[in-house]
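**Q**
Numbering (my numbering), first residue to last: 2 to 207.
1. Is there contact between the stretch 94-105 and the stretch 157-177, where contact requires at least three CB pairs shorter than 8 Å?
2. On a Cα-Cα basis, can you pick out the residue from 159, 169 and 197 that is closest to residue 181?
3. Specify, as a first and last residue, the run of the alpha helix (DSSP H) that residue 204 falls within.
4. Would you say residue 48 and residue 31 are within 8 Å of each other, going by their C-beta atoms?
5. For residue 45, collect the residues of the same chain with a Cβ closer than 8 Å to its Cβ; drop the 5 residues on either side in sequence, then sort them by chain order.
6. Please look up how many angstroms separate the CB atoms of residue 25 and residue 34, rounded, as I've assumed it's under 8 Å.
7. Where residue 113 and residue 176 are concerned, what is the direct C-alpha to C-alpha distance, given to the nearest angstrom?
8. Kindly indicate which residue of 197, 129 and 110 has the alpha-carbon position closest to the one of residue 55.
9. Beta-carbon within less than 7 Å of residue 188's beta-carbon, same chain only, minus the 5 sequence neighbours each way: which residues are those?
10. Rounded to the nearest angstrom, how far is the Cβ of residue 72 from that of residue 98, given a contact under 8 Å?
11. Can you give the Cα-Cα distance for residue 110 and residue 19, rounded to whole angstroms?
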């Protein structure tokens, strides 16, 4: 969904491929950006952040949702500034009452398609919450110096003036930010996956 400033306040994307979730799941967390905006006249560095959640796509068998636990609202889809892009009530907002999870979708012109998309995202978020609870229970008695990997923690900094990308969980700094921003993540992802796999093995042995 677009922000009033012309950017994006929320982006939902689907990534497919072999072992894609196991490769990207550790990207969940708070990503910090340090840059000098074009509007900055004195060269000061501004810091901003965005949160990333990587969720496995839920199949129908993964999450059993009671239809009576859902509140479904429909409304007119609108663009930035409140301009209506659809004269019919095609946008859908689904609220899962027991958990309070809310998902909205207005990508499609069809209310039916928007509802189907919203339900898929809703199931994924509920599944993610259940998995997080299980992982938290397993790791409750074991903490590491770099933190638990919880998405509320800052996991990485992108410093544009220095061309630097630092992952704070494993202490890895790479001075190839431009390549990373173009999607060349293999070196980062490989190092992070190796670290957390080693942590998981150490936890099983202890």
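From the three backbone atoms N, C-alpha and C, an ideal C-beta is built for every residue, glycine too.
Keep in mind that this is a model prediction, so the values were computed, not measured.
**A** Once the coordinates are examined:
1. no
2. Of the listed residues, the one whose Cα sits closest to residue 181 is 159.
3. 187-206
4. Taking a C-beta distance under 8 Å as the contact criterion, residue 48 and residue 31 do not qualify as a contact pair.
5. 37
6. Between residue 34 and residue 25 the Cβ distance is about 19 Å, and since that is not below 8 Å, they are no contact.
7. 47 Å
8. 129
9. 175
10. 6 Å
11. 31 Å
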